[in-house]
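Notes for the one structure printed next.
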Amino acid sequence: MIDGTDKTKNKDKENFYEYTKKESYQQEKVENENMEIEKELYTEHNKEYDIEHDIVVIGAGPAGMAAAISAFDNNVKDVVIIEREEKPGGILKQCIHNGFGLHKLGRELTGPEYAAYYEKMVNERNIKIYCGTMVIDITKNKIITVQNKDGIFKIKAKALILAMGCRERSRGALNIPGTRPSGIFSAGTAQKLINCKGYSVGKKVVILGSGDIGLIMARRLSLEGAKVEAVCEIMPYSVGLKRNITQCLKDFNIPLYLSTTVAEIHGSGRLEGVTIAKVDENRNIIEETKKYIPCDTLLLSVGLIPENELTKNAGISIDNFTNGAIVDENRQTEQSGIFACGNVLQVHDLVDYVSDEAEIAGKGAADYVLNKLNGQIIIKTVPGNGVRYVLPQRINLIYEYNKNREDYKREISLFFRVTKPFGKIKYTVKLGDKVLNTAIRLKASPGEMEKITIKANDLEKISNKDEKITVNLEELS
Amino acid sequence: MIYDVAIAGAGVIGGMIARELTKYNLSVLILEKENDVAMGASKANSGIIHGGFDPVPNTLKAKLNVKGVPLLYKTAKELNVPFKHNGSIIVAFNKEEELVLEELYKRGLKNGVSDMEILSGEEAQKLEHNLSKEVTKALVVKSAGIICPYSLTIAAVGNAMDNGAELKRNFEILKIEKTKNNDEDLFKITSTTAEDVFSRYFINCAGGFADKIAEMLDDNFFTVIPRVGEYMLLDKSEGKTVEHTIFQVPTKNGKGILVTPTVHGNLLLGPTAEEVYKYTDTKTTQKGLNTVKSLAKKSVPGINFKEVITSFSGVRASEENGDFILQKSKNVKGLIHAAAIDSPGLSSCVAIAEYVVDILKEILQEDGKELTENKSYNGKRKDINAFKKMTVEEKNLFIKNNPSFGKIVCRCEVVSEGEILEALRINPKALDLDGVKRRVRAGMGRCQGGFCTPYILGLIAEELKIPLTEVSKKGKNSKIVYKEL
Numbered sequence: 046m047i048d049g050t051d052k053t054k055n056k057d058k059e060n061f062y063e064y065t066k067k068e069s070y071q072q073e074k075v076e077n078e079n080m081e082i083e084k085e086l087y088t089e090h091n092k093e094y095d096i097e098h099d100i101v102v103i104g105a106g107p108a109g110m111a112a113a114i115s116a117f118d119n120n121v122k123d124v125v126i127i128e129r130e131e132k133p134g135g136i137l138k139q140c141i142h143n144g145f146g147l148h149k150l151g152r153e154l155t156g157p158e159y160a161a162y163y164e165k166m167v168n169e170r171n172i173k174i175y176c177g178t179m180v181i182d183i184t185k186n187k188i189i190t191v192q193n194k195d196g197i198f199k200i201k202a203k204a205l206i207l208a209m210g211c212r213e214r215s216r217g218a219l220n221i222p223g224t225r226p227s228g229i230f231s232a233g234t235a236q237k238l239i240n241c242k243g244y245s246v247g248k249k250v251v252i253l254g255s256g257d258i259g260l261i262m263a264r265r266l267s268l269e270g271a272k273v274e275a276v277c278e279i280m281p282y283s284v285g286l287k288r289n290i291t292q293c294l295k296d297f298n299i300p301l302y303l304s305t306t307v308a309e310i311h312g313s314g315r316l317e318g319v320t321i322a323k324v325d326e327n328r329n330i331i332e333e334t335k336k337y338i339p340c341d342t343l344l345l346s347v348g349l350i351p352e353n354e355l356t357k358n359a360g361i362s363i364d365n366f367t368n369g370a371i372v373d374e375n376r377q378t379e380q381s382g383i384f385a386c387g388n389v390l391q392v393h394d395l396v397d398y399v400s401d402e403a404e405i406a407g408k409g410a411a412d413y414v415l416n417k418l419n420g421q422i423i424i425k426t427v428p429g430n431g432v433r434y435v436l437p438q439r440i441n442l443i444y445e446y447n448k449n450r451e452d453y454k455r456e457i458s459l460f461f462r463v464t465k466p467f468g469k470i471k472y473t474v475k476l477g478d479k480v481l482n483t484a485i486r487l488k489a490s491p492g493e494m495e496k497i498t499i500k501a502n503d504l505e506k507i508s509n510k511d512e513k514i515t516v517n518l519e520e521l522s
Numbered sequence: 004m005i006y007d008v009a010i011a012g013a014g015v016i017g018g019m020i021a022r023e024l025t026k027y028n029l030s031v032l033i034l035e036k037e038n039d040v041a042m043g044a045s046k047a048n049s050g051i052i053h054g055g056f057d058p059v060p061n062t063l064k065a066k067l068n069v070k071g072v073p074l075l076y077k078t079a080k081e082l083n084v085p086f087k088h089n090g091s092i093i094v095a096f097n098k099e100e101e102l103v104l105e106e107l108y109k110r111g112l113k114n115g116v117s118d119m120e121i122l123s124g125e126e127a128q129k130l131e132h133n134l135s136k137e138v139t140k141a142l143v144v145k146s147a148g149i150i151c152p153y154s155l156t157i158a159a160v161g162n163a164m165d166n167g168a169e170l171k172r173n174f175e176i177l178k179i180e181k182t183k184n185n186d187e188d189l190f191k192i193t194s195t196t197a198e199d200v201f202s203r204y205f206i207n208c209a210g211g212f213a214d215k216i217a218e219m220l221d222d223n224f225f226t227v228i229p230r231v232g233e234y235m236l237l238d239k240s241e242g243k244t245v246e247h248t249i250f251q252v253p254t255k256n257g258k259g260i261l262v263t264p265t266v267h268g269n270l271l272l273g274p275t276a277e278e279v280y281k282y283t284d285t286k287t288t289q290k291g292l293n294t295v296k297s298l299a300k301k302s303v304p305g306i307n308f309k310e311v312i313t314s315f316s317g318v319r320a321s322e323e324n325g326d327f328i329l330q331k332s333k334n335v336k337g338l339i340h341a342a343a344i345d346s347p348g349l350s351s352c353v354a355i356a357e358y359v360v361d362i363l364k365e366i367l368q369e370d371g372k373e374l375t376e377n378k379s380y381n382g383k384r385k386d387i388n389a390f391k392k393m394t395v396e397e398k399n400l401f402i403k404n405n406p407s408f409g410k411i412v413c414r415c416e417v418v419s420e421g422e423i424l425e426a427l428r429i430n431p432k433a434l435d436l437d438g439v440k441r442r443v444r445a446g447m448g449r450c451q452g453g454f455c456t457p458y459i460l461g462l463i464a465e466e467l468k469i470p471l472t473e474v475s476k477k478g479k480n481s482k483i484v485y486k487e488l
């Protein structure tokens, strides 16, 4: 097991009954699979790769598992998942709080339960998960180099689905001045130490960033007996989910300071305190507002960065706003046959939407393998007023439409985020000047992903292929 | 036990001196106040192997820099420490600075530096595409290079230990007394935890604390001026922004803000140069980081600051006269000072070690003692990065026998469990999280240990046979987790 913890303890704590029941079975299965790889290696050694599969999924988190299931259900049966950790589930394994699956499954599950639900479906389809296996490289020809305890292997895929997730922005990336003591954790690292390893990280805590992980950890630390002195947010609003602000901060009397940041870190061995300060509209520190808070722990929840190092290796372009690959409506990247979904593509607010997106990518990859993807024209989507980005960034159209085709009537969902919090607003999707759809919302927050659909057949009469689809936001009084 | 030589400070100088001494039949003890080696200036500096044009001619700095560079390249090879011969470019932005370049060029010739050339701004931009268009002239020094300073220190101490030297960590010297044992003059060195060790000779290379050590022996004739330098480190994605080390013309406080690739492929910017009160004042400041940013941009405007992965600061131990202090004490018999080693100390370190050992030989001769060669001395050190350098076939074979090398723990720097265990087992063993990081780079990458820290904590606890709550970031009061739930 990767975290080397006392398993019995976690079982009680995390209460993921279904999941743990399968644990021994899962361990056994993993070993057999790795031996199988080995066997395959010896039988087919004289190629530029060792093993071949129709679809290879990188990452067995929520995105990877849902994508694999969707690919399988769309008629490609040779699907495998590569997972670097010893167990599938990704970050969900450490998210022992509830709130997962409300939209997707109509049930409120914990992270491990949500993961177990998908893992069960993966197992029912006999989709192999190679755990403890790290992908070291991918090429645009879809050759994947992996390393595990059996050695280094090259796998050739007909289609590849990237589902590597994201990492947390670190203290270094923020350049917070001061000393370099222990006791500074990214929120997810602290979450793993507490929930998976069973160790508390500190007694007096300040949290920088009011993203969801920060909020969840404020509650988690309070429940473990720590005193959370403050949650500081550099923006004038929180990007966390409303329900988390209520349930994790207000219910525990933890103050949330907006337009506030950590200006300096103090302490030589262990953290001794932080200086917090208000910032002006340009996020510059206002000197007079500096205030010292003694604390032994600083948690950072200051943003997530999609882990696209492999994506870049394959020469795939990255969107400057999402920090993920540029994809079309099937979640296919610029390299044909390489798809991306989940937090490696764009940081999601809810795992439910990760699963939705992964299903699209899984179907796309299956269709690609079955030669069913044959778009001819690409239309770009662009964010308009008040919108930060739109995903997919491009839509593939088949120029000569056969009206009997099933995909003629298909709906395409556009996902996007707004630039700042808004009251009542109207979204308008246009192709050139032509309005494709509108929607009215009572409010919108940059922390929550928005969605609007368009119909593929509305794009048929496109006159100028340089025309773009824009998503605009209009404030209503 | 009475040691022949005690060395105060396990920095690059202490390490190199210790290694040099183990070539002879001497018992050597290195005393270090921290939980690891390379915890002072050797940990956080620019890692530049300087050509030798900068020091004032006829100083120790000038002499040992030029002599030291080829020695350093040779030693780094023996110790399997990565270095790169990438060359330096010193850039001028106006007539005044062009004059300084000319001056440096002449000084370089005087110091015996070869391979220098003055280029026009355009020529320099051709050589280095991302260089500012404002550069009017540039001095290229081809013999210059880059090296990882803490890897070098760790390797030097490790190799000295492999050859018989002993390392005592967390030994902070409280006092040093001269005493006698059977008519033999000895140093009695007492730690803050009341531990005593005895030695016949004593070498002071305590960096920022060298003046305090001298004071303990009533030999205080110099004062260390701690000067802090702040740096920013960028992700490996930016490592190719420049190929050479780009300097601006030096000022009296140092060699100015540089932009350089590191041997590991990152991009390093810095340092500032601020005098501070205390040698331990290694904090970064908003002002300092802003200075690094704006001056680095002056040389290379296109730096992608979005990819900064960490910032840090290091302190160099300077001295008023501006030269190294390498001499036997005038007052205390058997005492040698190797102090005030600021830039180009790293470039000179092997030459400094040889110089100091020559002083010791002189003293031994005066004492009528004979120095014999250590026949079993082996200057080569096991390569901790050996696995990374293997071909795929070799790796496969190796993993078959050592499966832990197949298991990747640090995803950003691709470090396996096997390599981390090596860091915890090879001299000088890592005893904390930062120690692992400096040896095999686990946690050094873009996520800064976000993912691998919990697992590495477990490996350290298991290997050192301590509870997880005792595992620290950098020894002493820097524990990481607080209690078991």
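Protein chains in written order, with our numbering: chain A, 46 to 522; chain B, 4 to 488. We put the beta carbon where it would ideally sit given N, CA and C, even for glycine. Just so we're clear, the structure is a prediction, and the values are computed from it rather than from any experiment.
Original post:
Can you name, in chain order, every residue of its own chain whose Cβ lies under 6 Å from the Cβ of A:I499, other than the five neighbours on each side?
Top reply: I457, V474, L481, N482
Original post:
Comparing the C-beta of A:M262 with each C-beta of chain B, is any distance below 8 Å?
Top reply: no
Original post:
With respect to the alpha helix (DSSP H) encompassing B:R442, which residues constitute its N-terminal and C-terminal limits?
Top reply: The continuous alpha helix (DSSP H) containing B:R442 extends over residues 436–443.
Original post:
What's the C-alpha gap between A:M494 and A:I188?
Top reply: Each residue's alpha carbon lies about 33 Å from the other.
Original post:
For the alpha helix (DSSP H) that contains A:M262, what are its first and last residues?
Top reply: First-last of the alpha helix (DSSP H) with A:M262: 257–268.
Subject >> As assigned by DSSP and simplified to three states, the class of A:K67 >> reply: Model confidence at A:K67 stands at a pLDDT of 43, short of 50, so the residue's coordinates are unreliable and nothing is read from them.
Original post:
Using 8 Å as the limit for Cβ to Cβ distance, is A:E523 near chain B?
Top reply: The displayed coordinates of chain A run from 46 to 522. Any statement about residue 523 of chain A would go beyond what the structure contains.
Original post:
Is B:P229 close to chain A, meaning its C-beta is less than 8 Å from at least one C-beta of that chain?
Top reply: no
**OP:** Using a Cβ-Cβ cut-off of less than 9 Å, list which residues of the segment 469–482 of chain B approach chain A; keep chain order.
**Re:** L471, T472, S475, K476, K477, G478, K479, N480, S481, K482
Original post:
A:A410 versus chain B: which residues are under 9 Å apart at the beta carbon?
Top reply: The contacting residues do not exist; A:A410 stays about 24 Å from chain B at best.
Subject >> Close beta carbons around B:I5, own chain, < 6 Å, minus the five adjacent residues each side >> reply: If we look at B:I5 and ignore the five residues flanking it on each side, its Cβ neighbours are F201.
Original post:
Mind checking whether B:S346 and B:I52 have CB atoms under 8 Å apart?
Top reply: no
Original post:
Which term fits B:P73, buried or exposed, when burial requires 16 or more other beta carbons within 10 angstroms of its beta carbon?
Top reply: exposed
Subject >> A:M80 burial status per 10 Å Cβ neighbour count (16 or more: buried) >> reply: Reliability of the predicted coordinates at A:M80 is poor, the pLDDT of 41 falling under 50, and no value is obtained from them.
**OP:** Would you please verify whether the beta carbon of B:I411 is less than 8 Å from any beta carbon of chain A?
**Re:** yes
**OP:** Report, in whole angstroms, the separation of the C-beta atoms of B:L271 and B:L236, which I expect to be a contact under 8 Å.
**Re:** 6 Å
Subject >> Cut-off 6 Å between Cβ atoms - residues of its own chain near B:N480, not counting five sequence neighbours on either side >> reply: none
Original post:
In chain order, what residues of the segment 288–322 of chain B put their CB closer than 7 Å to some CB of chain E?
Top reply: Included in the structure are the protein chains A and B, with no chain E among them.
Original post:
For A:G243, which beta-bridge partners are listed by DSSP?
Top reply: Bridge partners of A:G243: none, in fact.
**OP:** Could you tell me whether the Cβ of A:V246 comes closer than 8 Å to any Cβ of chain B?
**Re:** Closer than 8 Å to some Cβ of chain B, the Cβ of A:V246 qualifies, so yes.
Original post:
Less than 7 Å between the CB of B:K181 and some heavy atom of the ligand SAM, yes or no?
Top reply: The model on display carries no ligand, and the ligand SAM is accordingly not part of it.
**OP:** Could you tell me which uninterrupted alpha helix (DSSP H) segments, each at least 4 residues in length, are contained entirely in the segment 113–199 of chain A, listed from first to last along the chain?
**Re:** 156–169
**OP:** Work out the CA separation of B:R203 and B:G337 for me, nearest whole Å.
**Re:** 7 Å
**OP:** Check the Cβ-Cβ distances between A:F61 and every residue of chain B, and say whether any is below 8 Å.
**Re:** Below a pLDDT of 50, predicted positions are generally treated as unreliable, and A:F61, at 35, falls in that range; no measurement from the model is reported.
Original post:
Based on the DSSP secondary-structure assignment, which residues constitute the bridge partners of A:C277?
Top reply: A:L253, A:Y302
**OP:** Kindly indicate which three-state DSSP category A:V479 falls into: helix, strand or coil?
**Re:** Per the sequence shown, the amino acid found at residue 479 of chain A is Lys instead of Val. Strand, per DSSP.
**OP:** Find the residues of chain A that neighbour B:E487, judging by a C-beta separation of less than 7 Å, and give them in chain order.
**Re:** Per Cβ cutoff of 7 Å: G243, Y244.
Original post:
Of all the beta strand (DSSP E) runs that stay within the bounds of the segment 383–467 of chain A, which reach a length of 3 or more residues?
Top reply: 383–385, 422–428, 432–436, 439–442, 456–463
Subject >> For A:P526, the residue or residues it bridges with in DSSP >> reply: Outside the shown range of chain A (46 to 522) lies residue 526 of chain A, about which nothing can therefore be said.
Original post:
In its own chain, which residues sit with a C-beta less than 6 Å from the C-beta of A:N193, not counting the 5 before and 5 after it?
Top reply: G177, T178
Subject >> Continuous beta strand (DSSP E) stretch holding B:M235: start and end >> reply: Per DSSP, B:M235 belongs to the beta strand (DSSP E) from 227–237.
Original post:
What are the residues that DSSP puts in a beta bridge with B:V200?
Top reply: B:I192
Original post:
Is A:V102 helix, strand or coil by DSSP?
Top reply: strand
Original post:
Looking at the unbroken alpha helix (DSSP H) that takes in A:N517, where does it start and where does it end?
Top reply: For A:N517, there is no enclosing alpha helix (DSSP H); the enclosing beta strand (DSSP E) has its first and last residue at 514–520.
Original post:
Thinking C-alpha only, which one of A:G256, A:A308, A:A202, A:P300 is nearest A:S381?
Top reply: Residue A:A202 holds the alpha-carbon nearest to the alpha-carbon of A:S381 among A:G256, A:A308, A:A202, A:P300.
Subject >> Start and end residues, beta strand (DSSP E) containing B:A11 >> reply: 5–11
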